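The next block holds one structure in the form of structure tokens; read it before the comments.
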Amino acid sequence: MTYLPDDVYALVEESVPLLCVDFVPARWGARGREVGLILRDSPFGAVWCHLGGRVMRGETLVNALRRHASDTLGVDIDVEANAQPRHVYEWFPVELAPADGTEHGQDPRKHSVGLSYVVEIIGEPAPRNEAMEFGYFPVDDLPEPMWPGSEALVRHLLS
């Protein structure tokens with residue numbers, strides 16, 4: 139894959155929305171339906187959130203999901219080759235956030251559009267890179283603090 143120099147990438151982030159895949163691992167546990175979240179450093183401090191990130195040029199959505207699962211947790215995921223997102227969720231810096239009632243998450247770094255999935259993990263998660271910790275939580279007892287908008291995304295995905 140070709141990467142852009144930092145200054146060019148910063149210009150892209152300031153100019154256009156970025157395409158991302160967002161996902162939550164889900165399972166049935168002792169406490170009912172549970173979702174996997176990571177604890178990560180963020181512009182909001184250490185927060186719990188879903189997983190994911192941008193889609194690279196020439197990369198399929200499913201391959202992007204697999205890359206982020208591997209890079210963040212060292213696992214593969216059980217997902218069909220042409221899996222479709224369960225929900226589309228937008229992320230905005232506060233100064234660009236819509237005021238028309240559009241539900242969205244906050245990301246002070248960029249405007250992005252997240253194609254969002256629920257997946258099953260294959261293997262034992264080992265947090266790495268942006269993930270400081272990983273845990274499964276009941277949908278009705280999510281940890282705090284969460285990245286602004288991440289809780290709403292999880293609830294949409296599992297409703």
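Numbering (the numbering used here), first residue to last: 139 to 297. Where a beta carbon is used, it is the ideal one built from N, C-alpha and C, also for glycine. Note that this is a predicted model, so its numbers are computed, not measured.
Residue i (DSSP reduced to helix, strand or coil)
i, result
"H249", "coil"
"H242", "strand"
"R165", "strand"
"H188", "coil"
Own chain, CB closer than 7 Å to residue i, minus 5 neighbours either side, in chain order
i, result
"D216", "V257, E258, I260"
"V200", "V217, A219, A221"
Through-space distance from residue j to residue i, alpha-carbon basis
i, j, result
"F275", "L203", "21 Å"
"P263", "D144", "30 Å"
"W186", "R195", "28 Å"
"L177", "M284", "9 Å"
"H206", "G174", "14 Å"
"S153", "E268", "25 Å"
"P181", "E233", "15 Å"
Which residues DSSP lists as bridging residue i, in chain order
i, result
"D216", "E258"
"S300", "Residue 300 lies beyond the stretch modelled for the chain, which goes from 139 to 297, so this question has no answer here."
6 Å CB neighbourhood of residue i in its chain, flanking five on each side removed
i, result
"E151", "K248"
"W229", "G243, D245, S250"
The stretch 160-179 touching the stretch 290-297, judged by at least three CB pairs closer than 8 Å: yes
Three or more C-beta pairs below 8 Å linking the stretch 221-230 and the stretch 244-256: yes
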